[in-house]
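Counted from 1, the sequence shown has number 420 at position 305 by the numbering used here; the numbering is strictly sequential.
All C-beta atoms, glycine included, are put in the ideal place defined by N, C-alpha and C.
This structure is a prediction, so every number in the text was calculated from the model and none was measured.
Notes follow once the structure below has been shown.
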Amino acid sequence: MEAVILNASAKRPSGGSVLNRSRSHWWNTSDSYQPATPLIGHVDVDVCIVGGGINGVSTAYHLKKLDPSVDVALLEAEVVGFGASGRNAGQIIMKFGGTSPERLVGSHGADRGREAWDYVHRGIAFIEDVRDEEGIACDYTNTGTLNVCLRVEGDGRIDEAMRLMERMGQSQYVSYVEREQVEQELGSNQFGAAYHESRGGQFNPLKLVRGLKSAAERRGVWVYENSPVASIDTTGKLITLQTGLGVIRCKRLVLATNAFTHLLPSAKELGLAREQTPLMVKGVITEPLTPQQWEQLGWPRRSGVNIHSDLFYSFAPTADGRMLYVGGYYTSAPWDRNLAPEVDMRLKRAGPDHLAAFFPALSGVEVAQTWGGPISITPDWIPHVGEASDPRILYACGCWGNGMPCGAQNGRTLAELALGMRTENTDVWFVTRKKQKWPSRILAAFLANGVIRKRHVASRRIGGRMNPPLRFPR
Ligand SMILES: Cc1cc2nc3c(=O)[nH]c(=O)nc-3n(C[C@H](O)[C@H](O)[C@H](O)COP(=O)(O)OP(=O)(O)OC[C@H]3O[C@@H](n4cnc5c(N)ncnc54)[C@H](O)[C@@H]3O)c2cc1C
Numbered sequence: 116m117e118a119v120i121l122n123a124s125a126k127r128p129s130g131g132s133v134l135n136r137s138r139s140h141w142w143n144t145s146d147s148y149q150p151a152t153p154l155i156g157h158v159d160v161d162v163c164i165v166g167g168g169i170n171g172v173s174t175a176y177h178l179k180k181l182d183p184s185v186d187v188a189l190l191e192a193e194v195v196g197f198g199a200s201g202r203n204a205g206q207i208i209m210k211f212g213g214t215s216p217e218r219l220v221g222s223h224g225a226d227r228g229r230e231a232w233d234y235v236h237r238g239i240a241f242i243e244d245v246r247d248e249e250g251i252a253c254d255y256t257n258t259g260t261l262n263v264c265l266r267v268e269g270d271g272r273i274d275e276a277m278r279l280m281e282r283m284g285q286s287q288y289v290s291y292v293e294r295e296q297v298e299q300e301l302g303s304n305q306f307g308a309a310y311h312e313s314r315g316g317q318f319n320p321l322k323l324v325r326g327l328k329s330a331a332e333r334r335g336v337w338v339y340e341n342s343p344v345a346s347i348d349t350t351g352k353l354i355t356l357q358t359g360l361g362v363i364r365c366k367r368l369v370l371a372t373n374a375f376t377h378l379l380p381s382a383k384e385l386g387l388a389r390e391q392t393p394l395m396v397k398g399v400i401t402e403p404l405t406p407q408q409w410e411q412l413g414w415p416r417r418s419g420v421n422i423h424s425d426l427f428y429s430f431a432p433t434a435d436g437r438m439l440y441v442g443g444y445y446t447s448a449p450w451d452r453n454l455a456p457e458v459d460m461r462l463k464r465a466g467p468d469h470l471a472a473f474f475p476a477l478s479g480v481e482v483a484q485t486w487g488g489p490i491s492i493t494p495d496w497i498p499h500v501g502e503a504s505d506p507r508i509l510y511a512c513g514c515w516g517n518g519m520p521c522g523a524q525n526g527r528t529l530a531e532l533a534l535g536m537r538t539e540n541t542d543v544w545f546v547t548r549k550k551q552k553w554p555s556r557i558l559a560a561f562l563a564n565g566v567i568r569k570r571h572v573a574s575r576r577i578g579g580r581m582n583p584p585l586r587f588p589r
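See the structure below:
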């Protein structure tokens, strides 16, 4: 394969500067950050990782932990946590891919569902362990998460989810919450019954990925930031990557670029152009709520609340007392190469109304900030982890809106694959299976937008029947 050099304007993931301007709450409230130096000159390593999100930093950390003698470098186009890993809602959620338990068991059966759920459990356990072992202060609290249904849709979906969780061997982690209790806990009459998952909780995702980066560096990983990979040449015995200022050669390459994967140089030649399509997801965060607001609101568990419905909404209390709201209504699949989530003034304006419609105690709440980030969707909404057409190249993409624990575990899997190991991670069905590709990128965006549109219509229908109604902007 010939080396493909991107033109100067494409040296960073598209939309870089705009992504920087619309940094997340985690960025805006984090300590000042000193990025690692860019790659300059010529370096040879055993394994090179591209992408400094949770998948990339976890791979780097695990490689050195499993085999300290292996030479590892990580290249990040901007800075670690620049992508969705530093922009998300800060919930460690016990879920797999873009699928509900209903879809997962319906499409793949309960045994595969159990394997997938166990995989995510291992990801959560890793986050909890590495936080303690490496002293990563990422504000993690094990509140679990509350999965609520909308009252207008009825409690049936929660009953069904509970039944399927039992079939997947998850009963010990989930407990049913009656609708009266939900109403009392959340101070809202919009919800029906719920199930509470005891694993996971709230955390600061940027602190986690930065902490993992530092832990990997302490173990000897070479991290280069502001080092966008502009060409990948696989013709030689070693794979050669070029950044603006440097060249790196490696025996094995790990591409951990999730929603940016189709934008990689040589993505088509590497067979990765149609693996996934990006979705831009938007969120808003309030100013810190007053003690009176929290008292009125209730939320004794302080856990994140995710709506178990075709709507895609989540509400997450933060360590500094704010409410972080991800409004699924504003999700979109970009048609072009631009992954810049513009600051969404519509969501900023409508966010307080949405919040008040769900939680009357939040009436008049002030929104501090809005931002977005790219997640990734595969044709069957199951993450892709494994070997590319060139077996020296490993990759992970398709990490959806709950990809932090799964991505943390993917890092272990990719490290094991890179070291030629066979384990319970490398043998899991979604790693070994033949991955489905989208027929084309345009069709992928068309289909993804179609699904989102269908959900928008459902939002309006459901919103219209709710009292007080959600007022979705046109
Ligand atoms: C608004 C929002 C809310 C979310 N909420 C949650 C949540 O509460 N819980 C949860 O678990 N998940 C959540 N997610 C999803 C989660 O954040 C993602 O699934 C996860 O971060 C994906 O991690 P990643 O490492 O695969 O990708 P990313 O974090 O996107 O990392 C990919 C990296 O690759 C780099 N890159 C791209 N191209 C190149 C190149 N050519 N050269 C070098 N580097 C390159 C990018 O700069 C980027 O840093 C949310 C996402 C969003 C956007």
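- In the DSSP assignment, residue 159 forms a beta bridge with 364.
- DSSP places residue 198 in the coil class of the three-state scheme, outside both helix and strand.
- Only residues of its own chain outside the window of five on either side were considered, and among them 443 have a CB closer than 6 angstroms to the CB of residue 427, listed in chain order.
- By the Cβ neighbour-count rule, residue 569 is exposed, with fewer than 16 other Cβ atoms within 10 Å of its own.
- Within the stretch 210–288, the complete beta strand (DSSP E) runs of at least 3 residues fall at 260–265.
- Taking each of 229, 383 and 519 in turn and checking the Cα distance to residue 555, the smallest one comes out for 383.
- At a threshold of 6 angstroms, residue 200 counts as near ligand 1, since its beta carbon sits closer than that to one of the ligand's heavy atoms.
- For residue 410, the enclosing alpha helix (DSSP H) covers residues 406–412.
- Between the alpha carbons of residue 223 and residue 479 lies a distance of about 45 angstroms.
- In chain order, 370 and 503 place their CB closer than 6 angstroms to the CB of residue 510, counting only its own chain and leaving out the 5 sequence neighbours on each side.
- Distance from residue 138 to residue 544 at the Cβ level is roughly 37 angstroms; contact not present, criterion being Cβ atoms closer than 8 angstroms.
- Using a 10 angstroms sphere on the CB of residue 232, the tally of other CB atoms reaches 16 or more, which defines it as buried.
- If you check the C-beta of residue 449 against ligand 1, you find no heavy atom less than 6 angstroms away.
- Closest by C-alpha distance to residue 313, out of 206, 429 and 366, is 206.
- Its chain contains 360 and 361 as the residues whose beta carbon lies nearer than 7 angstroms to that of residue 155, once the 5 sequence neighbours on both sides are disregarded; these appear in chain order.
- Shortest gap from the CB of residue 375 to any heavy atom of ligand 1: under 6 angstroms.
- Under the DSSP assignment, residue 307 falls in the beta strand (DSSP E) whose first and last residues are 306–312.
- With a threshold of 16 other beta carbon atoms within 10 Å, residue 248 falls short and is exposed.
- Residue 393 has its Cβ no nearer than 6 angstroms to any heavy atom of ligand 1.
- Excluding its 5 nearest sequence neighbours in each direction, residue 294 has C-beta neighbours in its own chain below 6 angstroms: 307 and 308, listed in chain order.
- Where residue 380 is concerned, there is no enclosing alpha helix (DSSP H), because DSSP gives it neither an H nor an E.
- Here the distance from the Cβ of residue 441 to the nearest heavy atom of ligand 1 is below 6 angstroms.
- In this structure, 327 is the residue among 344, 343, 391 and 327 with its C-alpha nearest to the C-alpha of residue 336.
- Per the coordinates, the alpha-carbon of residue 304 lies some 42 angstroms from the alpha-carbon of residue 527.
- A Cβ-Cβ distance of about 12 angstroms is found for the pair residue 220 and residue 277, leaving them out of contact under the 8 angstroms criterion.
- Taking 6 angstroms as the cut-off, the C-beta of residue 398 counts as close to a heavy atom of ligand 1.
- The Cβ atoms of residue 315 and residue 208 lie closer than 7 angstroms to each other.
- The beta carbons of residue 423 and residue 264 sit about 5 angstroms from each other, so the pair counts as a contact at 8 angstroms.
- Where residue 343 is concerned, there is no enclosing beta strand (DSSP E), because DSSP gives it neither an H nor an E.
- Here the stretch 284–291 makes no contact with the stretch 403–413; the two share fewer than three CB pairs at distances below 8 angstroms.
- DSSP lists 189 and 369 as the bridge partner or partners of residue 164.
- For residue 460, the uninterrupted alpha helix (DSSP H) segment begins and ends at 460–473.
- Closest option to residue 393, judged by alpha-carbon separation, among 345, 451, 267 and 179: 451.
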